[in-house]
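Contents: one structure, followed by commentary.
Chains as they are written, first to last, in the working numbering: chain W, 13 to 213; chain E, 13 to 213.
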């Protein structure tokens with residue numbers, strides 16, 4: 013395997029190494045596992061990739077990945093259109109859906125405000141979110157970005173922008189994880205848990 | 013994305029989850045990263061997979077992955093044909109090649125003897141290795157399987173099989189890793205380092 017450029021395994025490994033969390037060694041291990049698997053697996057994976065490339069687009073309403081113009085959640089009349097949950101990434105939407113805790117609709121920013129990385133309101137398609145507020149009968153926007161510097165800044169920015177439009181903007185609570193030990197919580201989380209305390213009955 | 017069966021992202025994630033070390037969450041993260049990457053990436057990866065499927069086969073001589081009937085190393089006249097290094101997996105061959113320490117040829121078993129898992133001499137293609145000893149002018153076979161129970165058993169089995177054929181069978185040394193701390197070596201490694209001690213000058 014000296015002709016590195018024409019070696020199918022090395023080519024596959026190099027491509028796999030571009031994926032997040034896959035280093036040089038893992039990429040080679042994965043390529044070898046694919047080579048070793050029965051042939052149908054490589055073909056099925058290639059087809060799945062082609063399918064993603066050909067058929068996946070973003071929902072015109074919420075920005076989530078979708079096979080149709082409007083995603084399944086945005087076209088579902090049983091989902092509460094008065095409630096929009098704003099998340100940074102599609103995987104956040106998937107995590108919330110799995111918890112089964114939210115019956116409204118979503119808006120996916122595909123990122124958070126990060127001026128140093130050149131991500132401003134235009135890159136996040138915040139105009140699309142604002143136009144949903146004008147058209148629909150949205151009552152509340154729950155900002156469910158992660159509770160870190162960028163996520164909090166994005167939430168604050170959205171609140172300042174949307175509150176004047178007469179919509180209630182809320183933020184998911186931060187605090188000690190359920191089942192977590194108070195003793196091991198970091199100081200910021202602990203103080204946020206006190207700030208976000210709520211009345212018991 | 014309620015129609016899970018027809019969702020390209022979930023289909024891709026499910027396939028990726030079959031790879032070693034990729035769990036359910038990572039597979040979704042990878043699928044989303046692929047969706048997010050520019051479209052050419054998914055296409056390039058699909059092509060690389062198809063290429064592996066269509067063009068990769070095992071070398072008739074050493075059993076390593078190859079694009080031709082005989083791999084680059086087996087067809088390289090500069091590699092010493094009198095010396096064969098037996099390894100369990102193609103990645104072991106790659107690791108040894110990277111070290112630049114070995115100028116002979118290889119034999120890849122694609123596994124080690126593991127009777128409990130139903131892996132016997134037939135599954136490892138040991139016949140192919142023996143026929144190489146008969147045909148070629150092989151002087152020495154270095155067994156470079158990993159120094160664990162299965163790797164050691166495989167080495168011993170090969171030694172018993174090949175020594176009567178008039179070939180010298182050796183085993184790579186075990187001991188403290190170069191740069192490692194003797195203090196932190198496990199007991200088995202430490203005792204093996206003493207057994208395998210060699211004369212200084």
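Every residue gets a Cβ at the ideal spot worked out from N, C-alpha and C, and that includes glycine. Since this is a predicted model, take the numbers as computed values, not measurements.
Three-state secondary structure assigned by DSSP to residue i
{"i": "residue 126 (chain E)", "result": "strand"}
{"i": "residue 201 (chain E)", "result": "helix"}
{"i": "residue 152 (chain E)", "result": "strand"}
{"i": "residue 15 (chain W)", "result": "Low local confidence applies: a pLDDT of 41 at residue 15 (chain W) is under 50, so the model's placement there is unreliable, with the coordinate-based value given in what follows. If DSSP states are grouped into helix, strand and coil, residue 15 (chain W) belongs with coil."}
{"i": "residue 38 (chain E)", "result": "helix"}
{"i": "residue 190 (chain W)", "result": "coil"}
{"i": "residue 182 (chain W)", "result": "strand"}
{"i": "residue 78 (chain E)", "result": "strand"}
{"i": "residue 157 (chain E)", "result": "coil"}
Nonlocal neighbours in the same chain, by C-beta distance under 8 Å from residue i, ignoring five residues either side
{"i": "residue 15 (chain W)", "result": "Residue placement at residue 15 (chain W) cannot be trusted, given a pLDDT of 41 that sits under 50; what the coordinates show is reported in the next sentence. So no residue of the chain qualifies."}
{"i": "residue 46 (chain E)", "result": "24, 53, 54, 57"}
{"i": "residue 91 (chain W)", "result": "85, 115, 116, 117"}
{"i": "residue 87 (chain E)", "result": "80"}
{"i": "residue 131 (chain W)", "result": "123, 124, 125"}
Other residues of its chain near residue i: CB distance less than 7 Å, five sequence neighbours each side excluded
{"i": "residue 72 (chain W)", "result": "81, 82"}
{"i": "residue 48 (chain E)", "result": "none"}
Outcome for residue i when other beta-carbon atoms lying within 10 angstroms are tallied against a minimum of 16
{"i": "residue 75 (chain E)", "result": "buried"}
{"i": "residue 78 (chain E)", "result": "buried"}
{"i": "residue 40 (chain E)", "result": "buried"}
{"i": "residue 23 (chain E)", "result": "buried"}
{"i": "residue 156 (chain W)", "result": "buried"}
{"i": "residue 183 (chain W)", "result": "buried"}
{"i": "residue 44 (chain W)", "result": "buried"}
{"i": "residue 60 (chain E)", "result": "buried"}
{"i": "residue 203 (chain E)", "result": "exposed"}
{"i": "residue 19 (chain E)", "result": "buried"}
{"i": "residue 42 (chain E)", "result": "buried"}
{"i": "residue 63 (chain E)", "result": "buried"}
{"i": "residue 58 (chain E)", "result": "buried"}
{"i": "residue 66 (chain E)", "result": "exposed"}
{"i": "residue 11 (chain W)", "result": "Because residue 11 (chain W) is not part of the residues shown, which for chain W are 13 to 213, the question remains open."}
{"i": "residue 21 (chain E)", "result": "buried"}
{"i": "residue 141 (chain W)", "result": "buried"}
{"i": "residue 17 (chain W)", "result": "Summary for residue 17 (chain W): the model assigns pLDDT 45, below 50, so the residue's position carries little reliability; its value from the coordinates is reported in the next sentence. It counts as exposed."}
{"i": "residue 125 (chain W)", "result": "buried"}
Beta-carbon contacts of residue i that lie in its chain and below 6 Å, excluding the five residues immediately before and after
{"i": "residue 185 (chain W)", "result": "208"}
{"i": "residue 136 (chain E)", "result": "121, 123"}
{"i": "residue 197 (chain W)", "result": "188"}
{"i": "residue 70 (chain E)", "result": "none"}
{"i": "residue 68 (chain W)", "result": "77"}
{"i": "residue 179 (chain E)", "result": "145, 150, 153"}
{"i": "residue 170 (chain W)", "result": "155"}
{"i": "residue 13 (chain W)", "result": "Reliability fails at residue 13 (chain W), whose pLDDT of 39 lies under 50, so the model's placement of it is uncertain and the value that follows must be treated cautiously. Closer than 6 Å at Cβ, skipping near neighbours: 19."}
{"i": "residue 205 (chain E)", "result": "187, 188"}
{"i": "residue 128 (chain E)", "result": "none"}
{"i": "residue 181 (chain W)", "result": "153, 171, 174, 175"}
heavy atom of the ligand SAH below 7 Å from residue i C-beta
{"i": "residue 206 (chain E)", "result": "This structure does not include the ligand SAH; it has no bound ligands of any sort."}
Ignoring anything shorter than 3 residues, give me the beta strand (DSSP E) runs that lie fully in the region 88-137 of chain E, in order along the chain.
Qualifying beta strand (DSSP E) stretches, in chain order: 92-99, 116-120.
Alpha helix (DSSP H) segments (min. 4 residues) lying fully within the region 40-68 of chain E:
Segments of the alpha helix (DSSP H) lying fully in the region 40-68 of chain E: 51-67.
May I ask you to verify whether the region 84-102 of chain E touches the region 119-138 of chain E, counting CB pairs closer than 8 Å and requiring at least 3?
In short, these stretches touch, since the Cβ pair count reaches three.
For the pair the region 162-169 of chain E and the region 193-202 of chain E, tell me if three or more CB-CB distances fall below 8 Å.
No: fewer than three Cβ pairs fall under 8 Å.
Any 3 or more C-beta pairs closer than 8 Å across the region 29-43 of chain W and the region 81-98 of chain E:
Short answer: they don't touch.
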